[in-house]
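Residues -18 to -1, 1 to 215, numbered by mature numbering (1 follows the signal peptide of the UniProt record, and there is no 0), are exactly what the sequence shown covers, in order.
Just so you know, even glycine gets a beta-carbon here, dropped at the ideal spot from N, CA and C.
Predicted, not measured: the structure shown is a model, and the values here were computed from it.
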Amino acid sequence: MRTKGTIAVLQMILSVHSNTLLELMLYLYERSIKDVINGFYVPAALPWHLVDEVYIPINCDEEFHWVLVVVVLRNRLIRVYDSNLGTRNKSQSDEIKQLSIILPNYLHDSGFFDKTDIIDWATLDAYKDNKTGELMGLQHPFEVEFARCIMQQNSDSLDCGTYVAAFAEFLSDEIKVPSIPFQSEYLRSRYATLLWKYGTDKANDGYVSENDDPIRLKAASILLADDELFNVD
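What follows is the structure, encoded as structure tokens:
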């Protein structure tokens, strides 16, 4: 009886304060995004204004398909690496559209543009308003383009996650993404082995946080040929 009574009380509280709870959840969600931009609570512990690119895996339209999104901050650009372009429409998914729209707002709210110790964002052509010459307004979404001539999965496979990991590995190592497909089984075994070794090394070294890893040198931006990219309006 006490359990049922407790549930009833909780339901009443949730009903009365539903709007407040939703506002609190939204606030916490937005704050977590700003914290990531500022380099808090992420393994690398680097804020966005100190890196050239940010890699984000995105699920498309709630389907079982993932793509790798690379936010090229200097160019105000979102580059999409999709392993299944052949059977999918090349138009943007809703998630990528939303990211291109909300990203300027989150960058502004997190104080990203105020951090000019390395880059004065307002002086970059990609961030300048053509009419005023000042920092582009928040109503302008990031430009989106899809990388072409990259390796593609079999249309009947569910290997998109493996391809996303491979794309990220190639790009972070400054290696051009190949156009020839790879053996997914081999890559799964390789990643499993690397994760096992990483976990073993962590246990042997006596630390539990990725923040204790040695800092890797920041990779330079990778420029693709014009014929390997196409813009999306």
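Segment limits, alpha helix (DSSP H) that includes residue i
i	result
Pro86	76 to 91
Ala129	Not the alpha helix (DSSP H): Ala129 falls in the beta strand (DSSP E), residues 125 to 129.
Thr114	Counting along the chain, Thr114 falls outside any alpha helix (DSSP H), and DSSP gives it neither H nor E.
Val159	Unbroken run through Val159: none, as it is neither H nor E.
Leu177	166 to 187
Glu45	From DSSP, Glu45 is part of no alpha helix (DSSP H); its letter is neither H nor E.
Thr105	Premise fails: Thr105 is in no alpha helix (DSSP H) and is neither H nor E.
Ser154	142 to 154
Span of the beta strand (DSSP E), counted from its first residue to its last, around residue i
i	result
Leu50	48 to 54
Leu59	59 to 63
Glu35	35 to 41
Min CB distance residue i to chain C below 9 Å
i	result
Tyr145	The structure shown contains no chain C, having only a single protein chain.
C-beta atoms of residue i and residue j nearer than 9 Å
i	j	result
Leu28	Ile38	no
Ala129	Asp64	yes
Ser161	Met133	yes
Ile78	Cys42	yes
Tyr189	Thr144	no
Q.
Could you check whether the segment 84 to 101 touches the segment 156 to 167, counting it as contact only if at least three pairs of C-beta atoms, one from each stretch, sit closer than 8 Å?
A. Per the Cβ contact rule, the segment 84 to 101 is not in contact with the segment 156 to 167 (fewer than 3 Cβ pairs under 8 Å).
task = Answer yes if the segment 57 to 67 comes into contact with the segment 123 to 139, meaning at least three C-beta pairs across the two stretches below 8 Å, and no otherwise.
result = Touching, yes.
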